[in-house]
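Numbering (the numbering used here), first residue to last: 4 to 260.
Single-structure report; data block below.
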Ligand SMILES: C[S@@+](CC[C@H](N)C(=O)[O-])C[C@H]1O[C@@H](n2cnc3c(N)ncnc32)[C@H](O)[C@@H]1O
């Protein structure tokens, strides 16, 4: 039941306009569902994705490079970091330079539906999407696109949130209303977990991990503060701190060798 999607251009304009407000609340990791601190979350991503020294890493939706800078500090890797927002490209480059990481992190403007326009086919060992495929107007195209730019045997890590499910029709109606409101306000197209897993497999990947974010302690406080501060009615008139309507999943999948 998807009524509307947002084009990559819509999403770029949204982040150009809202980047400063995101940074004011989220710091440099723009994720709703986190571990209790950013380091713990991003170390967990490194572990799930199995990122090792010497690898070429693609951040397919980098925000202002909080995750890419963290990974480049923890591992001796070459990261290509892509965002569709020109404002974020500038800000990400500034932060990468300030951190002295320009030798490890390269920031480029691009659309994750068309990654081969930005990086070479079969060029990366590992790619990741952190709360970003939820913006895709065509996730199947985005998955085929990342498949193309990974080396044989390369991995993709996808951490995202999805439409909650209830066997009670009244509860499902509440979930659906909240999802529609959140989509509209945050320029998202929230999908179902089963669809995403099927699309990952149909793109050619072998799924190795599929589980709710496996960190010891969740935090969604930044997301709540974001909605409070900017008066965002993401739960369609309900209290967004006590209305639960999203599932989450981290997926690790491998391109066959
Ligand atoms: C919620 S933010 C997450 C940013 C980053 N992954 C992080 O954890 O801080 C979503 C990001 O996805 C990027 N994005 C959305 N659609 C995109 C597209 N079609 N191509 C590339 N980046 C995209 C946005 O520009 C933004 O940087």
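Even for Gly, the Cβ is constructed at its ideal location relative to N, Cα and C.
According to the DSSP assignment, residue 131 belongs to the beta strand (DSSP E) that extends over 127 to 133.
A Cβ-Cβ distance of about 7 Å is found for the pair residue 81 and residue 60, placing them in contact under the 8 Å criterion. In this model, residue 38 and residue 171 are separated by some 30 Å (Cα to Cα). In the three-state scheme derived from DSSP, where H, G and I count as helix and E and B as strand, residue 209 is classed as strand.
Linking residue 195 to residue 202 through their CA atoms gives a straight-line distance of about 11 Å. The residue from 206, 71, 227 with its alpha-carbon nearest to that of residue 96 is 71. Residue 259 has its alpha-carbon roughly 11 Å from the corresponding atom of residue 206.
A contact between stretches requires three or more CB pairs, one per stretch, nearer than 8 Å, and the region 47 to 56 fails this requirement with the region 241 to 250.
Under the three-state reduction of DSSP output, residue 152 falls in the helix class. With fewer than 16 other CB atoms across the displayed protein chains lying within 10 angstroms of its CB, residue 168 is exposed. In this structure, the C-beta of residue 85 approaches ligand 1 to less than 8 Å from one of its heavy atoms.
Residue 52: member of the alpha helix (DSSP H) spanning 41 to 52, first to last residue. Apart from the 5 residues on each side of it in sequence, residue 212 sits with its Cβ closer than 6 Å to the Cβ of 255 in its chain, given in chain order. For residue 84, no alpha helix (DSSP H) run applies; the uninterrupted beta strand (DSSP E) run containing it begins and ends at 81 to 86, by DSSP.
Across the structure, residue 122 and residue 174 are spaced so that their CA atoms are roughly 44 Å apart.
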